[in-house]
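Enquirer: FYI, the numbering for the sequence shown is 872 to 1217, going by the numbering used here.
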Amino acid sequence: MKTIFIGPAGGGKTPANGASIKNFHILKRLSSLIDNLLVIDTENWKKNPLLIVNLLLTILKNRKAKYILSLNTGSANKFIRILNILAPDAQIIYWVIGGSFAKRMKKKEFSPSSYHCISKIIVEGESMSQDLSECGLTNVDVLPNFKIIKNSFEKSGSPTFPIRFVFLSRIIPQKGCDHIIRAVSELNMEGYGDRFKVDFYGPIDSSYKSVFLNAVNSATNMEYKGFLDLRNPDNYVNLNAYDAMLFPTIWAGEGCPGIVIDAYIAGIPILASDWNLNKDYITDKETGLLFKADDSEALKKSILNCILNPVMLGDMYCNIPEVLKKFDIVNVLDKRNLKRLRIIDL
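This is the structure:
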């Protein structure tokens, strides 16, 4: 049976976003295991209408093939409906990207009946699997997000003052940047300003740039440091110099952010909002701290907890190396898991 993979994978260039990076590595693994693998790379498909024509022709010529869809939620829904009409005998595997699918299903934006024909729906966390089960879907399985882990770093002992926190993501309000700024400002007013520091890395959204930089520059213990490209493994050394990561995201599309795994590769715990799949990847008080989402006060208390109890961070450092093994691509995309999920033949 021919296997056809549909999803963004860089369009022949170095992939730059989470979905494309993930698919790029999935395909690198599958190409060594599946002889008859056809890839339809949908990167920037809106600028290439011929790609859709080619995709429809491919479906018409391969009505009994195995299709692996690794697309954003809206696009996947459209392709599943197309396959149900044009190729009702096809075997479909839906590799879910991001964390919005279950929420949208629970809001009845999608009909569960459209997904009953799918061989496997692969999600990144148990909480999403449970949500989809409550919607009546019984064909859901869990496979965590992953990274290629060539080198990892460890920390030992307890941090000294000032405790160094790092934020590494897109600089937008939806990633919780406003909450960090507010929490830092309040802790500074309460007299803790000389005991901690927060550095920000990441591209700044143009509509947010002036507000963000004005706020950051108004405090001596906040600094914007530019872009830290973790595609260069050497930059994990820079990340390892910090004591903990901040990730108060409230972004609707958040699945399992690769940045959680990046923190673990660097050997540092992560203070994160209890949002979407974060709780599936962060064990509270063992590999990080979870706090109420969209709540500056909750974030502030978590930061203060680290300031008042640095030994707690030292204890977390010891737990991270073992947890990291669960997200190594070698362990996640092994033959046993790929057979279980029907991606490769039994």
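Backbone N, C-alpha and C fix where the C-beta goes; we use that ideal spot for every residue, glycine too.
When the Cα of Ile953 is compared with those of Lys1163, Asp1049, Arg934, which residue comes out closest?
Expert: That would be Arg934, whose Cα lies nearest to the Cα of Ile953.
Enquirer: If distances are taken between C-alpha atoms only, which option among Lys1068, Leu1058, Ile1052 comes closest to Phe1083?
Expert: Answer by Cα proximity: Ile1052.
Enquirer: Within 10 Å of its beta-carbon, does Phe950 have 16 or more other beta-carbons around it, so buried, or fewer, so exposed?
Expert: It counts as buried.
Enquirer: Rounded to the nearest angstrom, what separates Asp1100 and Lys893 at their Cα positions?
Expert: In a straight line, the C-alpha of Asp1100 is about 16 Å away from that of Lys893.
Enquirer: Short of 8 Å in beta carbon distance, which residues of its chain neighbour Ile1200, apart from the five on each side in sequence? Order them along the chain.
Expert: Result list for Ile1200: His896, Arg900, Phe1017, Lys1018, Ile1019, Ile1020, in chain order.
Enquirer: So what does DSSP say about Tyr912, is it helix, strand or coil?
Expert: First, the residue type needs correcting, since residue 912 is Asp and not Tyr in the sequence shown. The answer is strand: DSSP assigns Asp912 an E or B state.
Enquirer: Considering only residues of the region 968-1049, which uninterrupted beta strand (DSSP E) runs meet the minimum length of 3 residues and lie entirely inside it, listed in chain order?
Expert: Complete beta strand (DSSP E) runs here, min 3: 991-994, 1011-1013, 1034-1039.
Enquirer: Count Cβ pairs between the region 1053-1068 and the region 1085-1093 that sit closer than 8 Å; are there 3 or more?
Expert: In short, these stretches touch, since the Cβ pair count reaches three.
Enquirer: Quickly, what does DSSP pair Ile963 with across the bridge? List them, please.
Expert: Bridge partners of Ile963: Tyr938.
Enquirer: Which residue spans inside the region 1170-1212 form an unbroken beta strand (DSSP E) run of at least 3?
Expert: None, since the region 1170-1212 contains no complete beta strand (DSSP E) of that length.
Enquirer: Taking Cβ to Cβ, would you say Ser1000 is nearer than 8 Å to Val994?
Expert: Against a cut-off of 8 Å, the Cβ pair of Val994 and Ser1000 comes out as a contact.
Enquirer: Sorted by chain position, which residues of the same chain lie with C-beta nearer than 7 Å to Ala947's C-beta, five sequence neighbours on each side aside?
Expert: Counting only Cβ-Cβ distances below 7 Å, and skipping sequence neighbours, we find Leu940, Tyr965.
Enquirer: Please classify Lys1068: does DSSP put it in a helix, a strand, or coil?
Expert: Here Lys1068 sits in strand by DSSP.
Enquirer: Any beta carbon from chain B within less than 8 Å of Asn1147's own beta carbon?
Expert: Considering every chain present, this structure includes no chain B. It has just one protein chain.
Enquirer: Does the beta-carbon of Ser891 have 16 or more other beta-carbons within 10 angstroms, so that it is buried, or is it exposed?
Expert: Buried: at least 16 other Cβ atoms inside 10 Å.
Enquirer: Just how far apart, CA to CA, sit Gln1045 and Ile1121?
Expert: So the alpha carbons of these two residues sit roughly 5 Å apart.
Enquirer: What does a CB cutoff of less than 8 Å around Gly1007 pick up in its chain, not counting 5 residues either side in sequence?
Expert: Only Pro983 meet the Cβ criterion.
Enquirer: Which of helix, strand or coil does DSSP assign to Glu1094?
Expert: Looking at Glu1094 - three-state DSSP - the assignment turns out to be strand.
Enquirer: Rounded to whole angstroms, how far is the Cβ of Ala812 from the Cβ of Asp1145, which I believe are closer than 8 Å?
Expert: Outside the shown range of the chain (872 to 1217) lies residue 812, about which nothing can therefore be said.
Enquirer: State the Cα-Cα distance for the pair Leu1117 and Val910, rounded to the nearest angstrom.
Expert: Distance between the alpha carbons of Leu1117 and Val910: 37 Å.
Enquirer: The alpha helix (DSSP H) that contains Thr944, what's its start and end?
Expert: Thr944 -> alpha helix (DSSP H) spans 944-957.
Enquirer: Along the chain, where does the beta strand (DSSP E) that runs through Leu1099 open and close?
Expert: Neither: Leu1099 is in no beta strand (DSSP E) and is coded neither H nor E.
Enquirer: Which of the three DSSP states is assigned to Asp1133 in this structure?
Expert: Helix, per DSSP.
Enquirer: Beta carbon of Leu922, beta carbon of Thr913: below 8 Å?
Expert: Yes. Within cutoff.
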